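Asker:
In full-length UniProt numbering, the protein residues as written are 1 to 277.
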């Protein structure tokens with residue numbers, strides 16, 4: 001968490017003072033933080049597997065492999081926050097490599113550190129036995145695709161906030177408005193593709209586990225609303241030719257819907273996805 005936060009501030013300083021040295025230091029902190037994050041995630045995976053194997057020892061290699069998949073640490077709120085933060089850090093590094101814009105490190109590092117802070121302060125970190133419905137290979141695919149999509153939407157949100165700020169106050173250091181507009185669009189495309197895959201794999205999983213593809217569970221409904229917001233953004237951009245502020249505002253609204261879908265619905269409304277159940 002501290003490595004991500006320090007990287008975000010160093011990236012900001014590097015942008016403000018056009019310092020290649022600060023940027024290199026920030027990049028090193030972001031990579032180091034991601035490496036430590038990955039090791040912690042893998043350690044939790046090993047512990048989760050060991051605990052489950054101690055209760056029900058797998059009989060053969062196939063059983064061990066199945067147990068490894070089922071014990072992927074993605075099954076509760078704390079683990080999902082950890083993975084969400086990891087996805088944000090990974091995507092920000094990928095975008096940094098592609099575009100070499102320091103503000104991407106600011107957005108990725110800041111969001112990743114805030115999510116980790118929330119996980120450490122407000123979520124139960126205990127490893128618990130999986131519910132029977134979660135013992136499915138679809139869990140891994142569904143959760144990964146959803147959170148990669150959420151992370152991409154987070155980067156689009158950061159670019160949109162900076163776009164709106166620079167549109168009102170064009171003076172100052174930082175990327176130009178055309179580049180920010182492209183980044184919003186490209187991050188939104190990635191997020192939309194992965195959210196679509198997440199919804200589809202969730203539907204297949206639901207049919208396998210409960211005998212129906214769609215049940216209008218609150219999170220399913222909220223996810224569909226989020227999907228429509230980003231579909232509207234991409235339609236407006238590709239078909240209507242919208243650019244600039246309208247697209248930026250749609251990206252902000254879309255990420256608000258993402259946060260409500262992920263956190264608000266999970267705690268406020270009962271359903272299969274509720275973390276209070």
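For glycine and all other residues, C-beta sits at the position ideal for the given N, C-alpha and C.
For clarity, every value in this text was computed on a predicted model and none was experimentally measured.
Put residue 68 into one of helix, strand or coil per three-state DSSP.
Answerer: Within the chain shown, the letter at position 68 stands for residue 68. Residue 68: helix per DSSP, three-state reduction.
Asker: Is it right to say residue 239 is buried, meaning 16 or more other beta carbons lie within 10 angstroms of its own, or is it exposed?
Answerer: Reading the chain shown from its first residue, position 239 is the one you call residue 239. When all chains shown are included, residue 239 counts as exposed.
Asker: Please name the residue in 265, 102 and 111 whose C-alpha comes closest to that of residue 2.
Answerer: Sequence index remark: in the chain shown, residue 2 carries index 2 (1-based). Nearest of 265, 102 and 111 to residue 2, Cα basis: 111.
Asker: For residue 278, I'd like the list of residues in its chain whose CB is within less than 8 Å of its CB, leaving aside the five on either flank, ordered along the chain.
Answerer: As shown, the chain starts at 1 and ends at 277. That puts residue 278 outside it, with no answer to give.
Asker: Given this structure, state the Cα-to-Cα distance separating residue 46 from residue 68, to the nearest angstrom.
Answerer: Locating residue 46 in the chain shown gives position 46, where the first residue counts as 1. Locating residue 68 in the chain shown gives position 68, where the first residue counts as 1. A straight-line Cα-Cα distance of about 8 Å links residue 46 and residue 68.
Asker: Put residue 164 into one of helix, strand or coil per three-state DSSP.
Answerer: Walking along the chain shown from the start, residue 164 turns up at place 164. The three-state reading of DSSP puts residue 164 in helix, counting H, G and I together.
Asker: Can you say whether residue 22 is buried or exposed, counting buried as having 16 or more other CB atoms within 10 angstroms of its CB?
Answerer: Walking along the chain shown from the start, residue 22 turns up at place 22. Burial call: buried.
Asker: How far does the alpha helix (DSSP H) with residue 267 in it extend, from its first residue to its last?
Answerer: Within the chain shown, the letter at position 267 stands for residue 267. Looking at the DSSP string, the run of the alpha helix (DSSP H) that includes residue 267 is 265–268.
Asker: Considering only residues of the same chain and omitting the five flanking positions on each side of residue 276, which have a CB-CB separation below 7 Å?
Answerer: If you number the chain shown from 1, residue 276 lands on position 276. Summary for residue 276: the model assigns pLDDT 44, below 50, so the residue's position carries little reliability, and this model does not support an answer.
Asker: Could you check whether the segment 126–146 touches the segment 90–106, counting it as contact only if at least three pairs of C-beta atoms, one from each stretch, sit closer than 8 Å?
Answerer: no
Asker: Roughly how many angstroms lie between the CA atoms of residue 315 and residue 264, to the nearest whole one?
Answerer: Past the boundaries of the shown model lies residue 315; the chain is included only from 1 to 277, so the question cannot be answered.
Asker: Might you give, ordered along the chain, the residues of its own chain that have their beta carbon closer than 6 Å to the beta carbon of residue 104, omitting 5 neighbours on each side?
Answerer: By 1-based counting over the chain shown, the position of residue 104 is 104. Excluding residues within five positions, the ones whose Cβ falls inside 6 Å are 92, 95 and 96.
Asker: In chain order, what are the residue ranges of uninterrupted alpha helix (DSSP H) at least 4 long that sit wholly in the segment 39–93?
Answerer: 61–70
Asker: What's the C-alpha gap between residue 279 and residue 125?
Answerer: There is no way to answer for residue 279, as the model of the chain reaches only from 1 to 277.
Asker: Given that a residue counts as buried once 16 or more other Cβ atoms are within 10 Å of its Cβ, and exposed if not, what is residue 214?
Answerer: Reading the chain shown from its first residue, position 214 is the one you call residue 214. Exposed is the call here.
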